[in-house]
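These protein sequences, in sequence, are chains A and B. The letter at position 236 of the first sequence is residue 306 when you use the working numbering, and the numbering goes up by one with no holes. The letter at position 145 of the second sequence is residue 163 when you use the working numbering, and the numbering goes up by one with no holes.
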Amino acid sequence: MSNSPLSANRFRLTFGISWLVLMADHAMVLHYFELPWKEAIIDSCISNGLLLLFCLLIMNTLRYYLPQKEQLINIFAWCVTFSIVWLVLTKWLLKLSLGSHPGYAELLSRSGSIRFSIAFLLLGCITMISVLWQTWNMQKEDQSRKADAEKLAKEAELFKLRQQLQPHFLFNSLNSINALIGTRPAEARKMVQQLSDFLRGTLKKEETQWVTLQEELQYLQLYLEIEKVRFGNRLATVTETNEEVQQMKLPALLLQPVVENAIKFGLYDTTGETVIRILTSKEGSELIVKVSNPFDPETSAPKQGTGFGLKSVQRRLYLLFGRSDLLATEAKGNIFTTIVKIPQVSDTSQSV
Amino acid sequence: MGKVVIIDDEMLARSIVKEYLQQHPQLELMAECGDGFEGVKAIQQHQPDLIFLDIQMPKINGFEMLELIEHPPAVIFTTAFDEYAIKAFEAHAIDYLLKPFDQERFDKAVAKWMEQKPAVIEKSTQELLETASHSPSQSQRVVVKNGSKIKIIPAHDIFYLEAADDFVKIHTQEGYFLKNKTMGHFEQTLDEQQFVRSHRSYIINIQQITRIDPYEKDGHVAVLRTGAKVPVSRSGYGKLKAILGI
């Protein structure tokens, strides 16, 4: 159930003043036609009082029942009917109270059509205003509902994008721990710790939370340590960064899928040692992170390497910044590089 | 006695299989391999009865490696998480170990292998490989063995395929390679928008066609960029016309 236009203060004031003006006008016109002031005022009060009642009735009805577009013809019919009913009632009441005044009966019967027209116009206006008001309100509600739904869907999608990356890594890590338990229990224990810290990091951080590059790189280090246990000396990493860049901010957990993709691409496309390079820099107001891995240009289709991992990062960047140009890849010689640009948003305390 | 080879790219994953194998003194570990290339060599050299095989490995995956072996030995697959492969295993009732697994589960897999007849195992392995070759990643390329060398041919590098008895000749820039498969296999696995079976014995990469000329009575011939002429049958001509929009 929604409110009528009368619930808005400004409208109520305008409505009241207009009504007083209308009543005064009515009385003055009658006086101009040589009706004494007293009778003119009584006429105006009765006619316009009744009309006011009808207006309120219409506004109130439209609170509960809003006609569809194709039913607007019905509204027109209503207005005509209401105006006729109003005219009959008014005439009857006026005759009853002012019939004794000489010449009044004639004035009344001659002004019937004018009275009807004015009433019809007024009722029509009030109805239109009410319908527009209600429609506008409904649209406003609709929009806020849609915005809410979109926000929920976005959060769910972000959550899902993160979840899908885990199982392969998780089960393989557990398998490595399983192997270490028998032969090197101390290392197994260390890896359990690293894996727990990594998973806790994933759970703790909100998708929309901003962290400094320093924090993100520390978290990434945990992940890289685990991968190094899995792949032994086949995997080496180089990270280049500096003090200034480390204080720049980025959405939490953004880089891990990029690095994961580079590791997979590098390790599964070559058989020798794979060096993953992570280079960070500042360009204008943007944080630039480049992650590169070796690959075999002879056997890899050019499109390969933009697997699920990168698609999800691209989608996330789009959801966060509304831009689709923040992730790029390039292949030079046998090195594949993924470039992520992160615009620095001034208010990073709030979610994006 | 049984000879065993372990093929997995993670050293620790191999070591756990090795550890569990100690409970089976009748099985002798012949070799440990870190990728499919080593795997092919080790299988040729040792002729094992059973292999433990990871699926996701560098360069060529476990399925592609098995395709290169004429009579593959019995396989127990080990994988962490690969929905596509697991579906394929279930479809062909092939046993597999999900990492991490314990000694008990490992013993069960070995016991199951010992019960089965080698001929049955080989048949279901071949069926599994046929299913696996339809996976999206494998339709992008063909893995062949050229003497002792293994060659990965990206699909877009293939000019055309030609039937040759029990083999298919894969024609590329570097000459042709033989693969022990049928034309029907390639017709089904390669991208049908790019590869058209123009003739009972030919499949053409449409990117390579420069023109199609009439040939003899109601036949045609496709002329490729390299100048090679590939026969086009009447029904093949219809298919080519449809896909090229002429």
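For glycine and all other residues, C-beta sits at the position ideal for the given N, C-alpha and C.
{"Check": "Pairwise C-alpha distance: residue 409 of chain A and residue 396 of chain A", "Outcome": "8 Å"}
{"Check": "9 Å Cβ cutoff, residue 345 of chain A in contact with chain B", "Outcome": "no"}
{"Check": "9 Å Cβ cutoff, residue 257 of chain B in contact with chain A", "Outcome": "no"}
{"Check": "Residue 320 of chain A to residue 288 of chain A span [Cα, whole Å]", "Outcome": "13 Å"}
{"Check": "CB contact flag (residue 242 of chain A, residue 28 of chain B, <9 Å)", "Outcome": "yes"}
{"Check": "Residue 339 of chain A - DSSP class collapsed to helix/strand/coil", "Outcome": "helix"}
{"Check": "Buried or exposed by the 16-neighbour rule on C-beta atoms within 10 Å, applied to residue 185 of chain A", "Outcome": "buried"}
{"Check": "Neighbourhood of residue 44 of chain B by C-beta distance below 8 Å, restricted to the same chain and skipping five residues each side", "Outcome": "19, 20"}
{"Check": "The stretch 120-140 of chain B / the stretch 186-193 of chain B touching (three or more Cβ pairs under 8 Å)", "Outcome": "no"}
{"Check": "is_contact[residue 118 of chain B, chain A] using C-beta, thresh 9 Å", "Outcome": "yes"}
{"Check": "Short-range partners of chain D found in the stretch 248-259 of chain A, where Cβ spacing is below 8 Å", "Outcome": "Here the protein chains are A and B, and chain D is not one of them."}
{"Check": "Classification of residue 94 of chain A by the beta-carbon crowding that lies within 10 angstroms, buried from 16 upward", "Outcome": "exposed"}
{"Check": "Residue nearest to residue 61 of chain B in terms of C-alpha spacing, selected from B:39, B:24, B:130, B:193", "Outcome": "B:24"}
{"Check": "Nearest residue (CA-CA) to residue 239 of chain A, options A:296, A:336, A:303", "Outcome": "A:296"}
{"Check": "Complete beta strand (DSSP E) runs within the stretch 95-136 of chain A (minimum length 3 residues, chain order)", "Outcome": "none"}
{"Check": "Proximity of residue 14 of chain B and residue 258 of chain B at Cβ, strictly below 9 Å", "Outcome": "The structure shown does not extend to residue 14 of chain B, since chain B spans only 19 to 264, so no value can be given for it."}
{"Check": "The stretch 197-209 of chain A / the stretch 58-73 of chain B touching (three or more Cβ pairs under 8 Å)", "Outcome": "no"}
{"Check": "Whether residue 230 of chain B touches residue 161 of chain B by CB criterion (9 Å)", "Outcome": "no"}
{"Check": "Within the stretch 145-189 of chain B, ranges of the beta strand (DSSP E) (whole runs, at least 3 residues)", "Outcome": "159-164, 167-172, 176-182"}
{"Check": "is_contact[residue 74 of chain B, chain A] using C-beta, thresh 9 Å", "Outcome": "yes"}
{"Check": "Terminal residues of the alpha helix (DSSP H) in which residue 399 of chain A lies", "Outcome": "No alpha helix (DSSP H) contains residue 399 of chain A, which is instead part of the beta strand (DSSP E) from 397-402."}
{"Check": "Residues within the stretch 321-342 of chain A neighbouring chain B, beta-carbon criterion of under 8 Å", "Outcome": "337, 338, 339, 340, 341"}
{"Check": "Any chain A beta carbon closer than 9 Å to residue 65 of chain B", "Outcome": "no"}
{"Check": "Contact set between residue 53 of chain B and chain A, taken where Cβ atoms lie within less than 9 Å", "Outcome": "341"}
{"Check": "Short CB-CB distance (under 9 Å) between residue 70 of chain B and chain A", "Outcome": "no"}
{"Check": "Residues bridged to residue 237 of chain B [DSSP beta-bridge criterion]", "Outcome": "B:233"}
{"Check": "Cβ of residue 245 of chain A within 9 Å of any chain B Cβ", "Outcome": "yes"}
{"Check": "Beta-bridge pairing of residue 352 of chain A - partner residues as DSSP gives them", "Outcome": "A:357"}
{"Check": "Contacting residues, own chain, Cβ-Cβ under 7 Å from residue 304 of chain A (five flanking each side not counted)", "Outcome": "337, 343, 344"}
{"Check": "Beta carbon proximity, residue 30 of chain B to chain A, threshold 9 Å", "Outcome": "yes"}
{"Check": "Partners in chain A for residue 99 of chain B, counting only beta-carbon separations shorter than 7 Å", "Outcome": "237, 238, 241"}
{"Check": "DSSP three-state assignment for residue 346 of chain A, whether helix, strand or coil", "Outcome": "strand"}
{"Check": "Beta-carbon gap between residue 30 of chain B and residue 262 of chain A smaller than 9 Å", "Outcome": "no"}
{"Check": "Range covered by the beta strand (DSSP E) that runs through residue 237 of chain A", "Outcome": "Element bounds for residue 237 of chain A: not the beta strand (DSSP E) but the alpha helix (DSSP H), 236-253."}
{"Check": "Spatial neighbours of residue 223 of chain B in its chain, beta-carbon cut-off 7 Å, leaving aside the 5 residues before and after", "Outcome": "176, 177, 178, 212, 213"}
{"Check": "Neighbour flag for residue 159 of chain B against chain A, beta carbons, 9 Å", "Outcome": "yes"}
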